[in-house]
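Numbering (the working numbering), first residue to last: 7 to 203.
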């Protein structure tokens, strides 16, 4: 059995020499990495979502806003191109966004009507124009129950179409095709279509 001093000496003799003519594997890899980087372009589905990207983390926004007890809805942010995997999902990120926008428009319309019905009325500087748009006339708010769901859906669909129109042409074409296919499948599954010959 060898002593600790002999063992240490054995390890020091096995250590790589400091001969600069023979660089280590680590030195060789480090030099090649710094000289040439592999250039790749990730696919949209491989890119991190804005929510996952630490460089785009924003300060948390107010969870909710209320004026005189009336809750003011927050507009949902549109999904980014990296949020769609282009796999023809049953519930695409843009379908979910359309549903969220429909809910937003219905809630915003109800909030407008409630704010206009307040007594005493809101002062002009109290109106949350950045969340609800321009203030409608006072008479338009009296007795208004809010936006009908069909109108909220149509408004949401047009806003989603505008977002899709600003995407990469390939992604936009794919999403338009998916929308047309879903609309066709929905009309074929409707009871009126089933009763026709």
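By construction, the Cβ of each residue, glycine as well, lies at the ideal position given by its N, Cα and C atoms.
DSSP, read as helix, strand or coil, puts residue 141 in coil. One alpha carbon belongs to residue 89, the other to residue 107, and they sit about 17 Å apart. As a beta-bridge residue in DSSP terms, residue 78 pairs with 71. The residue among 76, 162, 95, 126 with its C-alpha nearest the C-alpha of residue 116 is 76. Taking the Cα positions, residue 112 is about 17 Å away from residue 84.
In summary, residue 156 is exposed, with fewer than 16 beta-carbon neighbours lying within 10 Å of its beta-carbon over all protein chains present. For residue 114, the enclosing alpha helix (DSSP H) covers residues 99-122. Our two residues, residue 80 and residue 114, have alpha carbons roughly 9 Å apart in a direct line.
Counting the other CB atoms within 10 Å of its CB gives residue 98 a total of 16 or more, which places it among the buried residues. Per DSSP, the unbroken alpha helix (DSSP H) holding residue 187 starts and ends at 175-195.
DSSP places residue 167 in the uninterrupted alpha helix (DSSP H) bounded by 155-171. Judged by DSSP in its simplified three-state form, residue 135 adopts helix. DSSP places residue 87 within a helical segment (H, G or I) once states are collapsed to three.
Residue 184 is classed as buried because its beta carbon has at least 16 other beta carbons within 10 Å across all chains shown. Short of 8 Å from the beta carbon of residue 142, and not among the five residues preceding or following it, lie these beta carbons of its own chain, in chain order: 118, 122.
Distance from the CA of residue 138 to the CA of residue 78, rounded to the nearest whole angstrom, comes to 8 Å. Residue 71 is a Cβ neighbour of residue 134, given a cutoff of 8 Å. Taking a contact as a CB-CB distance under 8 Å, the pair residue 82 and residue 103 counts as one, their CB atoms being some 6 Å apart.
In the three-state reduction of the DSSP assignment, residue 130 falls in the helix class, which pools H, G and I. Cα atoms of residue 166 and residue 100: separation of roughly 7 Å, rounded to the nearest angstrom.
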